[in-house]
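Residue numbers (my numbering): 88 to 822. Glycine included, C-beta positions come from ideal geometry on N, C-alpha and C. A quick write-up on the structure given underneath.
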Amino acid sequence: MERLNFYTLIWLFRSNNTPLFVPTDECRQGQIVMRDYYSPMIYFAIAYYVFICFFTERRSFLRGQIQEPKHPNERLSMSTRIINYFKRYPGLPIPMNMLQYRHSTLAYAAEYVCAFNLIAGIFTKIYGMSMVFPEGPVWLSVIYKIFAICLVALTALPPFLCITHGGLICWIVGIFYCSFQAVLNVVSMIRSTCMGLEFMTQKLTLQLPTLIGFTYLLVYFCEAVWSQRKNLRNVVWIGIPINFKTYVHKNVSHVRKLLWPKETYQTKVIDARQVKVKCCANLRTVWRNVNSESDGFTYPAGLIWSLAVSVLLQHFLLTQFLSSVYGVFRNGKRSIQAHYPDVPRTIYENIAVKNARHVHRYIGTNVTDPIVLRKLEFELLYYWIDVLWVCLLIATCLAMFTNVTNVFRIAVHYHQLCVSIYQRGFKVMPQLQSWLDAFKVTRGTIIYPSYQVSAMACGFYLQALIYTFIFLLLALIVTLNAFTPLDFFVKWIKTWWPSLLLMTAFVTSQQLAIRFLFTQHRGKAYGFNNIRALQFYTFLSSFYNVFFGVVSGVGRTLYCPISSALVISRLDVSPLARPIQSLDTGHLAFLGFLYMDVLKNNPTFRVFLWILLEKYKTTGDAHLESALLAEVNQFFAIIRKPNCLLNAKFHQEPRAATNSLEPETKSMVPKSDENLESITYTPLAYDAKRKRSRSRWFVAYTLIRNPDLMKYRKTCPDRESDWSIALIFEKLGGG
């Protein structure tokens, strides 16, 4: 009988399609029927996009001059009205308007989670052409997959438009569309139960995140309708975000805190030490910052969806990889059980100590009978199949846990960087201005979320590979030393234990001597003690420390790749050295994304824009977006209420606050020692004058702290400010 070789192993792990795992023709036909629902949804998405275009105004710089009647009683002709309509409509709707982006962060992230099956389709054969053109070349298959994913991605467009445009009609359409998609996913998952365990697992891991996303959007649209139930007549075509009041209040609170002395306001920034000590508290902080902003900070939807999809994609890859490996191992074990029925049936019996001693008799045995040797080989192979399975299971789960931890670390680090830049400017990260230009900033804004998802997938596989290698190496060392005569590690310990003991004693004594003999105040102060003894000891120990330097170099060679693998899924941290970090395209994409996000959503900048747009509020300009108009109204409602000025812990007398400001700002502060909290609102001229003074104070202080914005105010008098303010508004992306 032949010994085990490569071809014999391949034959053992061949596919074993028993009738239990072969789906019936009815099940296959049911899965094909489910695909037909994509066609009407694609047509509906295109039609709905065109419908929204006819209710979307053109951006201000694209609008033409509308022809008005020469006399008040004159009526325009129908053709003139149509021309006037198309001069203002239809505009191209922005699926992710910047004005709505911050108010509906979780809604946009949930919509990207709904499209998780599109991202997962890149790693699977779901959108391949093997069933359409089995003999097609590889390049044509790739083009077909890209086209299929782009076409199916149109089905995710209606919820984007419903969230951005808002209004009763859009919310009702979103409710029905998300309900239909959720029911469709539930039906598809139920139908997949008859297709076998492997197919059902793939279907569940692929469509369960999609179902969760559509369920959240369904609740979001229902909440929008319920919150506006008393004002439905005014929100039929255009809607106001649900939580815009909280957004405005946090921005104003952040700016007001900056106006008070620094000693009365302690900035709370989460650092790395707090993350290690208070992990649960920081997780609660991250979740609280996602729902309710602090210090004028909000997480961008692009970051939230990339991190959420990264976790879901890792879960999908984990289940798919483990199910595939389990299927291969199951076929191999069944093939061995068919030849030798007396092998252990369960994994617990197989990897037990008693069975491990039994199967490793093959190593070092003197048996020459080929039948017995063949049986020992199969028993040893059967044992190591389960050992490898346990190592893979632990390694992949540990890699999943590591990357999920990295997701929260990215969120905490992003919050820390944004708040630091809000308070101290870009000097906290000089590389933002030295490495980036306009092209790299725009590029990072576009590609960072996708790069983050891909980096998480690459990091997951790399970490799983490293962990598997480590666990297999440990299993091999323990097995050979415990159950075989090849106990090399035990022999090495017995031979070298005196040297190891001396090395440990030398290193320990050297550390103690440096701390207590050669450093002042036991290592707590900079300074040397016993200078002559220190120089003499340095000369003698330099020869021994060469050997420890070799050990340190070997350790550095080992832990540098491992540490890089642990952070390779984090684009906010570059695994490269500082001189070549600018070559890390993923890290540059993160910096560009951060730079644009901080520029467009700086709380001080937003408050300044609300102040400039007051004239639009008073004139009732219809060209102003309803979301921005609501922000402006809410801003002036907050700053004109004395009882909303500051919390008690941030309160201070106006004289003390004035003394801490710059000389240019002191002249803007009204000279009054009256307690701000004791002021009651009365419609007096003096009270109105004080309100105007406070508003001018806020404007002056904002301009002083943001010199780049002064040019817009200096060169834009009231009669000429329409076009300049519109340009500022266009730069925000919300016009």
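Alpha-carbon to alpha-carbon, residue j and residue i
i    : j    : result
M128 : V239 : 9 Å
S314 : W258 : 12 Å
I423 : L227 : 41 Å
I139 : T192 : 22 Å
L271 : V412 : 30 Å
N437 : T288 : 26 Å
I153 : M165 : 14 Å
T489 : L653 : 8 Å
V565 : T571 : 10 Å
T591 : S639 : 14 Å
E144 : I327 : 16 Å
R175 : Y195 : 28 Å
F247 : R189 : 14 Å
L404 : V398 : 10 Å
A425 : I534 : 53 Å
D456 : L559 : 31 Å
G642 : T492 : 25 Å
A388 : L295 : 21 Å
F141 : H252 : 12 Å
E161 : L523 : 57 Å
K337 : E155 : 43 Å
S393 : L678 : 15 Å
K527 : S521 : 12 Å
N321 : A676 : 42 Å
V440 : A243 : 54 Å
I206 : L400 : 8 Å
F626 : N617 : 14 Å
Three-state secondary structure assigned by DSSP to residue i
i    : result
F301 : helix
T789 : helix
F308 : helix
F263 : helix
F28  : Any question about residue 28 goes unanswered here, given that the chain covers just 88 to 822.
V356 : Any reading at V356 must be qualified, since the residue scores a pLDDT of 39, below 50, and its modelled position is unreliable; no value is offered.
T745 : Because T745 carries a pLDDT of 37, less than 50, the predicted location of this residue cannot be relied on, and the following value inherits that uncertainty. T745: helix per DSSP, three-state reduction.
V756 : The predicted position of V756 is uncertain, since its pLDDT is 36 and thus under 50; a value taken from the coordinates is nonetheless stated next. Coil, per DSSP.
Q739 : Below a pLDDT of 50, predicted positions are generally treated as unreliable, and Q739, at 37, falls in that range; no measurement from the model is reported.
F465 : helix
Exposed unless 16 or more other CB atoms sit within 10 angstroms - verdict on residue i
i    : result
F630 : exposed
V637 : exposed
K581 : exposed
W476 : buried
D429 : exposed
T532 : buried
E466 : buried
D473 : buried
K344 : buried
F64  : Missing from the structure shown is residue 64; the chain here goes from 88 to 822 and no further.
I508 : buried
F308 : buried
L645 : exposed
Distance CB(residue i)-CB(residue j) smaller than 8 Å
i    : j    : result
N204 : L293 : yes
P245 : A395 : no
F331 : A714 : yes
I233 : G208 : no
M420 : Y470 : As written in the sequence, residue 420 is Lys, which differs from the Met given in the question. Taking 8 Å as the Cβ cut-off, K420 and Y470 do not qualify as a contacting pair.
C201 : F301 : yes
F722 : V335 : yes
P794 : V342 : no
I497 : D659 : yes
L621 : F605 : yes
A482 : G673 : no
R444 : L463 : no
S656 : G546 : yes
Y303 : A197 : yes
L670 : L681 : no
L485 : L409 : no
Practice prompt. Kindly provide the ranges of any alpha helix (DSSP H) runs that are 4 or more residues long and lie completely inside the region 565 to 643, ordered along the chain.
Written response: Listed in chain order, they are 575 to 603.
Margin query: Please give me, in chain order, every unbroken run of the alpha helix (DSSP H) with length at least 4 that falls completely inside the region 654 to 728.
Written below: Within the region 654 to 728, the runs of alpha helix (DSSP H) at least 4 residues long that lie entirely inside it are, in chain order, 672 to 687, 690 to 699, 701 to 706 and 713 to 726.
Practice task
Let me know the alpha helix (DSSP H) ranges lying completely inside the region 314 to 347, each 4 residues or longer, listed in chain order.
Solution key: As far as the region 314 to 347 is concerned, its whole alpha helix (DSSP H) runs of at least 4 residues are 331 to 346.
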